[in-house]
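S.K.: According to numbering that gives the first Met the number 0, the sequence shown is numbered sequentially starting from 0. Heads up, the beta-carbon is just placed ideally off N, CA and C, and yes, glycines get one too.
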Amino acid sequence: MDICIDRTKLKKQDVDTSELIERISTGQAILFTGAGFSSLTKNVNDEEPSAAKDLAHEICKLGGFPTDDDLRFATDYYIENHNVSELIQLLKKKYTLTQTHRIHDEICSAKWRRFYTTNYDKSIEMASAKLGNLVECIDVSFPTGTYYKKESLCIHLNGSIDSLNEDSIESTFKLSTSSYISPDSFTKSDWHYYFKKDLERCSAIVFVGYSMYDIEIQKILFENSELKEKTYFITRENPNPKTSFTLSKFGNIIPIGVEGFAELITENSESISGYDSEYHLQSLAPYNLSHDKIEVRDADVEAMIMFGHISSASIDDAVLSEQVIPSLVVRESLELVKEFVVNGKNVVLYSDMGNGKSILASQLHSYLTTSSFECYFVDDIEGDYISDIDHLSKLGKKIIVTLDGYERYLDLLKHYSFSLPDNINIIATSRTAEHERLRPHLKEIKFEYSEVCLDELAENEILALVDIIDNLGMWGDKAGLSKDQKVRYIRSKNNSQLSLTLLNLFNSPQFRDRVSNELLPLIGDDEIKDTIFAIALSEVLDIPCRSSMISDISGNDKIYSSELKNNKNFKNLFHMNGDGIKTKSSLFCLSLIRHHFSASYVTSTLQKIAKRFNEYKVKDYEQRTIFLATLRFSFVERLLSDTNKKGNLKRYYENLKVSVNWLKSDPHFWLQYGMANITFKEYSKAQQFLDSAYALAMKKDRYHTSNIDTQQARLHLLVTMKENEPHKIFEGFSKAHALLDRLDNDVYKYRQVDIYNDFYSSCYEKLSKGNQVAFQRACQKMEKSIEAAVSNGEVDLSQQLPIKKTKEKLAHILSSIKEQRDIASQ
0 MDICIDRTKL
10 KKQDVDTSEL
20 IERISTGQAI
30 LFTGAGFSSL
40 TKNVNDEEPS
50 AAKDLAHEIC
60 KLGGFPTDDD
70 LRFATDYYIE
80 NHNVSELIQL
90 LKKKYTLTQT
100 HRIHDEICSA
110 KWRRFYTTNY
120 DKSIEMASAK
130 LGNLVECIDV
140 SFPTGTYYKK
150 ESLCIHLNGS
160 IDSLNEDSIE
170 STFKLSTSSY
180 ISPDSFTKSD
190 WHYYFKKDLE
200 RCSAIVFVGY
210 SMYDIEIQKI
220 LFENSELKEK
230 TYFITRENPN
240 PKTSFTLSKF
250 GNIIPIGVEG
260 FAELITENSE
270 SISGYDSEYH
280 LQSLAPYNLS
290 HDKIEVRDAD
300 VEAMIMFGHI
310 SSASIDDAVL
320 SEQVIPSLVV
330 RESLELVKEF
340 VVNGKNVVLY
350 SDMGNGKSIL
360 ASQLHSYLTT
370 SSFECYFVDD
380 IEGDYISDID
390 HLSKLGKKII
400 VTLDGYERYL
410 DLLKHYSFSL
420 PDNINIIATS
430 RTAEHERLRP
440 HLKEIKFEYS
450 EVCLDELAEN
460 EILALVDIID
470 NLGMWGDKAG
480 LSKDQKVRYI
490 RSKNNSQLSL
500 TLLNLFNSPQ
510 FRDRVSNELL
520 PLIGDDEIKD
530 TIFAIALSEV
540 LDIPCRSSMI
550 SDISGNDKIY
560 SSELKNNKNF
570 KNLFHMNGDG
580 IKTKSSLFCL
590 SLIRHHFSAS
600 YVTSTLQKIA
610 KRFNEYKVKD
620 YEQRTIFLAT
630 LRFSFVERLL
640 SDTNKKGNLK
650 RYYENLKVSV
660 NWLKSDPHFW
670 LQYGMANITF
680 KEYSKAQQFL
690 DSAYALAMKK
700 DRYHTSNIDT
710 QQARLHLLVT
720 MKENEPHKIF
730 EGFSKAHALL
740 DRLDNDVYKY
750 RQVDIYNDFY
760 SSCYEKLSKG
770 NQVAFQRACQ
780 KMEKSIEAAV
790 SNGEVDLSQQ
800 LPIKKTKEKL
810 AHILSSIKEQ
820 RDIASQ
């Protein structure tokens, strides 16, 4: 028996929309529209735009073939058998609008972070324009680098009527099967990653007139439980049970219809528009001291050392009060940095990976906040931090802004250098290699700073580290050493470095066994294995571990899965918080990759990542960093365990130039390939590849060969030290010295000059008297070049430890030569 229900007589549901309005009021909500949103608009035929089924019928009619409901089939059949220009004309008439309705204007009157739509028409752009707001119409073929940070965008995932032509109808305009599987398809486009980033960062995701047919969007929403509470579906009043059941899996149902939603916006227009009356920080966040009573346990300290799990409250407690349980090495540099900022100076803190730059920045938040500074840090890298700086500059308070990994914020540093706000100082951190690379750029933009190298622990800091390891009983076979012996061990064997000390702990059998126990139940699932590798890779590269980036690297959406996030083993390894991994230990992640992922897995996975990221037309900072890392020998080599490292690296570079075809004509690739062979002492192969690098460099306009020159000089020195004939020995040295002498005075040059000491030890006595004098003069010239670089500000020996050590070695060589001559003359 059929039961007929008059839905118009059903009682309307009472719906609590207060939280939705509050979320929209922030100006950070996303509006996602589907076909239902365009009802009541009019096209050039004075009709509403056709829905998919009706359009399929129209195309069948145009082509004169039997009616079918399947839009893709109808389109494919028509394109194969008929003139496509007539189909384009039909579509233009169907989806070129002449007017929108009041409801569209009302909905678009709210400040939306971004518009996404599966519609071809421009109802959003037109309604916004009527209100005096220009919204730009783009599709997934538009470059993300140019458009992503722009405001007022409407991204047409299935293509827009503006971009419809004979080329796009089978690529970016989604009608046919070929357009859905083209490289510009949404799920394969650069915009897919940015869409996921938008979902993470928005205050709400509001779907209007959308039927949730897109499987990929379903998957993202379904697997990311954090999105559910901020996802809203505007449905018709009293939706059918199937709709309610389906949509309730993904978010909150608001059954008020499109018109009811427009009324809701209008009724709350005052609170929505009034939100922006005060300036709200978009990227920077203030640091607030914790007033919680902290009880540190041994397990907390161990988690901090091993996995990077540490709260700001724990840092406050360790920095500002006496540590009951040894938990944190409080750096002596705190006072030095404070002295700099009190005197109005900016500071750059730099170190190699794992030597404490990020943790010192956190300690400075605590230390400086108690000294009447207001400290701010970047909370949202995609936000407008430049506007935030301009706002803070007007407050008149003494403000410190910390930039962890300043290479991401070069535009901010440039703006700061031009505007020079007198109440703000910058404390920036970077890894040593990045800072050395960017020194010329900082000079070019006139960013003035004092710098502190954190690579070596002071005596008291080593003692504090010994106390921490003692308390945790983590010395292993060195537990029987006295305190002084442990200090000497860290100083001599670990070069007074925190990173080498911790790596030794991570490499101990008991720690590796503990990690294996957590990891083995997880990595039987290939997608989980790839996800864990992606997390570890991000941390090693010092890239924020947001879910969207982890998903991008791994090539799957497992990171959004609640099953994974709630997995006990996974939580024991990583600390999930919000949209990603919030705390970090780059050294733990390096150890994780090296000791728990085979070299063949690492190289094959990096090759897949390189191939996938190469296909992105435009890469943001993180994507570019990851892609370039996959090409860099020193990085890839560092990730591999020693087991069959040589064979895996060789295969990696052989296969890489196939996966990323353009590398064959890139000088830098052959340089990296040459460096790999230098490391394995295959010098003839290395020379072959350096020759290729030089040859390709000559074909490129204004290509600087300094990177090739440093490696060529290194190769000359290594080869010549294996020679026995005196004239060949000096000939090789002379070639190396001539190359290095003409290079800029920087760490890359002096890293090779450092080898002069090895050359002196092994070859000096073999040289003729005249060539010994020439070698001495070469060392004197290099010593003077360092002194000149120091005097003109290119080099700071107190902070650039590798150059300082090179100068000391040159001084040792010259002193020894003088001593030998003095003895000989007696």
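(1) Check this for me: beta carbons of residue 362 and residue 330, under 8 Å apart or not?
(2) I need the boundaries of the beta strand (DSSP E) containing residue 204, first residue and last residue.
(3) Throw me the rounded Cβ distance for the residue 833 and residue 401 pair, which I believe falls under 8 Å.
(4) Is it buried or exposed for residue 377, if we count other Cβ within 10 angstroms and need 16 for buried?
(5) Short of 6 Å in beta carbon distance, which residues of its chain neighbour residue 734, apart from the five on each side in sequence? Order them along the chain.
(6) Hey, residue 806 and residue 796 are a contact pair by Cβ (cut 8 Å); roughly how many whole angstroms apart?
(7) Residue 545 bridges to which residues according to DSSP?
(8) In angstroms with no decimal places, state the Cα-to-Cα distance between residue 551 and residue 729.
(9) Applying the criterion that 16 or more other CB atoms from any shown protein chain within 10 Å of the CB defines a buried residue, is residue 303 buried or exposed?
(10) Going by DSSP, name the residue or residues bridged to residue 424.
(11) Secondary structure at residue 801, three-state DSSP: helix, strand or coil?
(12) Tell me where the alpha helix (DSSP H) around residue 322 begins and ends.
(13) Please classify residue 576 as buried or exposed, where buried requires at least 16 neighbouring CB atoms within 10 angstroms.
(14) Identify whether residue 469 lies in helix, strand or coil by the three-state DSSP scheme.
(15) From residue 144 to residue 620, what does the alpha carbon distance come to, in whole angstroms?
(16) What first and last residue would you give for the alpha helix (DSSP H) that runs through residue 667?
(17) Less than 7 Å between C-beta atoms, sequence neighbours within five positions excluded: which residues of the same chain meet that for residue 827?
(18) Considering just the uninterrupted stretch of the beta strand (DSSP E) at residue 309, what are its terminal residues?
(19) Using 8 Å for Cβ pairs, my map puts residue 205 next to residue 29. What's the rounded Cβ distance?
(20) Restricting to Cα atoms, I'd like to know which of 613, 704, 45 is closest to residue 92.
(21) How close, in whole Å, do the beta carbons of residue 515 and residue 595 come, if the pair is a contact with beta carbons under 8 Å?
(22) Considering only the beta carbon of each residue, do residue 471 and residue 297 sit closer than 8 Å?
(23) Which whole runs of the alpha helix (DSSP H) in the segment 698-731 are 4 residues long or more, in chain order?
(24) Could you tell me if residue 822 is buried or exposed, where buried requires 16 or more neighbouring beta carbons within 10 angstroms of its beta carbon?
(25) With distance defined between alpha-carbon atoms, name the residue in 165, 650, 536 nearest to residue 553.
(26) If you run the structure through DSSP and keep just helix, strand and coil, what is residue 230?
(27) Along the chain, which unbroken stretches of the alpha helix (DSSP H) at least 4 residues long are found entirely within the segment 69-98?
(28) Specify the secondary structure class of residue 441 as computed by DSSP and reduced to three states.
(29) For the segment 116-179, list the beta strand (DSSP E) runs that are entirely contained and at least 3 residues long, ordered along the chain.
(30) Between which two residues does the alpha helix (DSSP H) holding residue 240 run?
(31) Relative to the C-alpha of residue 360, which residue among 371, 370, 346 is closest?
(32) Evaluate residue 407 with the Cβ neighbour count: other Cβ atoms within 10 Å of its Cβ, from every protein chain shown; 16 or more gives buried, anything less gives exposed.
(33) Identify every residue that forms a DSSP beta bridge with residue 284.
(34) Can you check DSSP and say which residues form a bridge with residue 449?
(35) At 4 residues or longer, what runs of the alpha helix (DSSP H) sit wholly inside the segment 591-652?
(36) Relative to the C-alpha of residue 749, which residue among 794, 245, 774 is closest?
M.R.: Short version:
(1) yes
(2) 203-207
(3) With the chain covering only 0 through 825, there is no way to say anything about residue 833.
(4) buried
(5) 715
(6) 7 Å
(7) 579
(8) 52 Å
(9) buried
(10) 399
(11) helix
(12) Taken as a continuous stretch (DSSP letters only), residue 322 belongs to no alpha helix (DSSP H), as it is neither H nor E.
(13) exposed
(14) helix
(15) 10 Å
(16) 666-678
(17) Residue numbering for the chain in the displayed model covers 0 to 825; residue 827 lies beyond these limits and cannot be assessed.
(18) From DSSP, residue 309 is part of no beta strand (DSSP E); its letter is neither H nor E.
(19) 7 Å
(20) 45
(21) 7 Å
(22) yes
(23) 705-719
(24) exposed
(25) 536
(26) strand
(27) 70-80, 83-94
(28) helix
(29) 135-138, 152-155
(30) 240-247
(31) 346
(32) buried
(33) 376
(34) 346
(35) 598-613, 620-630, 632-638
(36) 794
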